[in-house]
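>
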Amino acid sequence: MATLLDTKQLQAILEAAFPGTEVPRVQEVDGDTVLVRQLVTDRHGRPGGTLSGPTMMMLADTAAWMAILAQIGPVLLAVTTSLHIDFLRKPDIADLMARATVLKIGRKLAVVDVSLFSLGHEELVAKAQVTYSLPSSDA
Numbered sequence: 002m003a004t005l006l007d008t009k010q011l012q013a014i015l016e017a018a019f020p021g022t023e024v025p026r027v028q029e030v031d032g033d034t035v036l037v038r039q040l041v042t043d044r045h046g047r048p049g050g051t052l053s054g055p056t057m058m059m060l061a062d063t064a065a066w067m068a069i070l071a072q073i074g075p076v077l078l079a080v081t082t083s084l085h086i087d088f089l090r091k092p093d094i095a096d097l098m099a100r101a102t103v104l105k106i107g108r109k110l111a112v113v114d115v116s117l118f119s120l121g122h123e124e125l126v127a128k129a130q131v132t133y134s135l136p137s138s139d140a
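In this note's numbering, the protein residues as written are 2 to 140.
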């Protein structure tokens with residue numbers, strides 16, 4: 002697939018969409034795959050010394066959105082219709098990385114595979130599949 006948006010363009014969209022909040026950082030765009038980093042602090046943790054599930058789900062969803070926009074351009078009204086996540090192992094309280102790969106973009110839906118891992122580790126801490134609804138071209 003041809004990439005329409007680069008890391009700087011995706012980061013600008015993310016910051017404009019969520020002004021005044023700390024958003025993840027788009028690290029890399031490579032074909033149909035985007036790498037996104039969530040800076041993690043103690044406030045992202047939960048009892049037991051691990052990252053919270055909502056932090057991991059947020060990053061999976063954000064990375065999927067960025068991967069789709071990299072392919073279709075700044076179609077901001079693409080919205081999540083489904084997010085399935087499997088938590089595989091206890092992540093460290095360390096920056097969380099998401100590698101999102103577009104599996105399919107159709108006329109109405111896009112499906113993205115997301116692998117989550119702690120910075121500096123290759124073992125997956127979670128795996129997600131995210132489906133987005135795409136607005137019609139005449140909207």
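C-beta: ideal position from N, C-alpha, C; glycine also.
#1: For L117, which three-state DSSP category applies?
#2: Buried or exposed for T34, going by 16 or more other Cβ atoms inside 10 Å?
#3: Determine the direct distance from the alpha carbon of A99 to that of A64, and round the result to whole angstroms.
#4: Along the chain, where does the beta strand (DSSP E) containing T22 start, and where does it finish?
#5: Buried or exposed for E29, going by 16 or more other Cβ atoms inside 10 Å?
#6: Quick check: A127 and I69, are their CB atoms within less than 9 Å of each other?
#7: Could you check where the beta strand (DSSP E) with T4 kicks off and where it finishes?
Walking through what the data contain:
#1: strand
#2: buried
#3: 6 Å
#4: Run containing T22: none; DSSP gives neither H nor E here.
#5: exposed
#6: no
#7: Unbroken run through T4: none, as it is neither H nor E.
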